[in-house]
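To convert, take the position in the sequence shown, counting from 1, and add 25; that gives the numbering used here.
Just so you know, even glycine gets a beta-carbon here, dropped at the ideal spot from N, CA and C.
Keep in mind that this is a model prediction, so the values were computed, not measured.
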Amino acid sequence: MENIMRNFFLFLSKNQMLTNMAKEHGLKFGAKRFVAGTTIEAAAKEIKRLNDAGLAVTVDYLGEFVHDSLEAAQSAKQSIEAMETLAELGLDAELSLKLTSLGLDISRELVMQHMRNILDKGKEHGINVTIDMEDYERCDKTLAIYKELRKEYDNVGTVLQAYLYRTLKDLQELNALDPYLRLVKGAYKESTEVAFPEKADVDENYRHLIKLNLLFGNYTAIATHDDAMIDYVKQLEQDHHLDRSQFEFQMLYGIRSDFQKRLVKEGYKVRVYVPYGEDWYGYNMRRLAERPANVLFVLKGLVKK
Ligand code: FDA
């Protein structure tokens, strides 16, 4: 049943008509739980609240699968303005973004131009930028762009997904670039030809990737809400005498907030991924797919309207 629900929400997450409708109607269907507002000003209030609780942030102007270059330019502009606001307010926040929001499906040159502008602004303000990983179809292109940018910039990182068979090889190849990597389990619907269908295999691969990247000596963001994975990292820390300055935990805004604070109290660096903007639909549907119990929040949202 859980699998059927998961597939259903992942199918819905890619529906263009519903995405467009959602943009016009503000944060609905429980989205307020996972999205910090539609503007950077609204998000900044939440970021301040999180910073005050000892949590660092990575902020994401929501948007994906853009096919119009004006929209891509608008998205790049929003990311640049967001960094200016973060710097002005002195917030402890980095930036995350999706290359399809900057026109990955339109042209590589367009994305490179937007990314260089964004990374230059980030450099000016000492802000790191992490390129989220999207679906398998875009993985090769995303990694190629990351590799090219990494040679020019110190403030760029990317994400690897443990559910893909290819990821171990990608991680080994990226090691030569002294990368900043966020490791995740993976959030998209992928075929069994490219991704492990069984959760146990994803978890095993995830552990393997975390250990390898940490032992390579690379900075590692372990982005998960899974107690078992966090305990695993704590064990690695002890067994291999890892310095806490080499890794951080990352979690999504609105998920396991108390747990985030508990880890901070234990002395770990925790970063919260804070999305904002009007294009919340696909992001929200993926969060529902991860945990169908979240549908209750949707139903509450519907009742409240
Ligand atoms: P898992 O799904 O096994 O869940 C473990 C436990 O965590 C659950 O039992 C539940 O208690 C809790 N939990 C998990 N998801 C929840 C939810 N939605 N609501 C409430 N509780 C939940 N993916 C991707 O493909 N590309 C990317 O760039 C990113 N970026 C990213 C950044 C950050 C900061 C995070 C935390 C995650 C991502 N992801 C991502 C998403 C990631 O791939 C994955 O889908 C989710 O993190 C859920 O997997 P977990 O590792 O939390 O474990």
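- By the neighbour-count criterion, in which 16 or more other beta carbons inside 10 Å mark a residue as buried, E89 falls on the buried side.
- In summary, H266 is exposed, with fewer than 16 beta-carbon neighbours lying within 10 Å of its beta-carbon over all protein chains present.
- Bridge partners of P300 according to DSSP: D85.
- Nearest in C-alpha terms to L144, of all of N238, R296, E106, K259, is E106.
- The beta-carbon separation of N76 and V82, rounded to 7 Å, stays under the 8 Å limit for a contact.
- As the crow flies, the alpha-carbon of N238 is around 26 Å from that of S216.
- Checking the DSSP bridge columns, you'll see Q275 partnered with A248, R296.
- DSSP, reduced to helix, strand and coil, places A118 within a strand of the structure shown.
- Counting only the Cα atoms, S270 lies some 21 Å from L277.
- When the Cα atoms are used, A101 and M140 turn out to be separated by approximately 8 Å.
- For Q186, the pairing in a beta bridge is given by DSSP as V209.
- If the five residues before and after G62 are omitted, its C-beta is found closer than 6 Å to the C-beta atoms of A68, Y301, all from its own chain and listed in chain order.
- With respect to the 7 Å criterion, G211 and F59 are not classified as neighbours on the basis of their beta carbons.
- Around the Cβ of L95, a 10 Å sphere holds fewer than 16 other Cβ atoms; the residue is exposed.
- L80 places its beta carbon less than 7 Å from that of V295.
- Put simply, the backbone Cα of Y188 is about 8 Å away from that of Y231.
- Residue pairing by DSSP places V136 opposite no residue, since no beta bridge is assigned to it.
- For V209, the CB falls within less than 6 Å of some heavy atom of ligand 1.
- For the set S126, N309, A246, A314, the Cα lying nearest the Cα of K57 is the one of N309.
- Pairing I156 with Y171 gives a Cβ-Cβ distance under 7 Å.
- R311 counts as buried, since no fewer than 16 other beta carbons sit within 10 angstroms of its beta carbon.
- Rounded to the nearest whole angstrom, the C-alpha separation of L202 and G182 is 11 Å.
- With a cutoff of 7 Å on beta-carbon distance, D117 and H92 are scored as not near each other.
- Note on D256: under 16 other CB atoms within 10 angstroms of its CB, so exposed under the neighbour-count rule.
- Within 6 Å of the C-beta of R316 there is at least one heavy atom belonging to ligand 1.
- Counting only residues of its own chain and dropping the five nearest sequence neighbours on each side, T192 has a CB closer than 8 Å to the CB of L185, Q186, N230, L234.
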